[in-house]
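Structure, as structure tokens:
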Amino acid sequence: MTKQAKYINAMLEDKSAKAKFAYEIAKREAKGLNKLEATYQAGYQAYCAFNYYAKECQYLDKQNEHLKELIDKLEQAKPKGSYRWHGGSSQAR
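Residue numbers (our numbering): -6 to 86.
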């Protein structure tokens, strides 16, 4: 059994991040890269994915704070008067 096959079998049995990383390395080694290059590429790919999702989380956190501020402003606002629609429902577009 080759080293790549061992990694693939380990990955199928174990769903941990370490096994998935070993599987990514094995895929790259199967394409002809040496272990060092394969490890670097797999690590860089993991870093890029982590960095992307971290930035998305930061952006969503800022959006969440902004929306909370808007909700607070809306709750504090008081209507200036009573409004009534004077036309029929066909005029409401």
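Just so it is clear, CB atoms sit at the ideal spot from N, CA and C, and this is done for glycine as well.
For clarity, every value in this text was computed on a predicted model and none was experimentally measured.
| Query | Result |
| --- | --- |
| Whole-number beta carbon distance between Ala31 and Ile18, since they are thought to touch under 8 Å | 5 Å |
| Range of the contiguous alpha helix (DSSP H) that encloses Lys11 | 10 to 23 |
| Span of the alpha helix (DSSP H), counted from its first residue to its last, around Gly74 | First-last for Gly74: undefined, no H or E at that position. |
| C-beta atoms of Gln14 and Ala35 nearer than 8 Å | For the sequence presented, residue 14 should be read as Phe rather than Gln. Going by C-beta atoms, Phe14 is nearer than 8 Å to Ala35. |
| For Lys73 and Asn57, the rounded distance between their alpha carbons | 28 Å |
| For Tyr45 and Lys24, the rounded distance between their alpha carbons | 26 Å |
| Phe43 versus Leu29: straight-line alpha-carbon distance, rounded | 21 Å |
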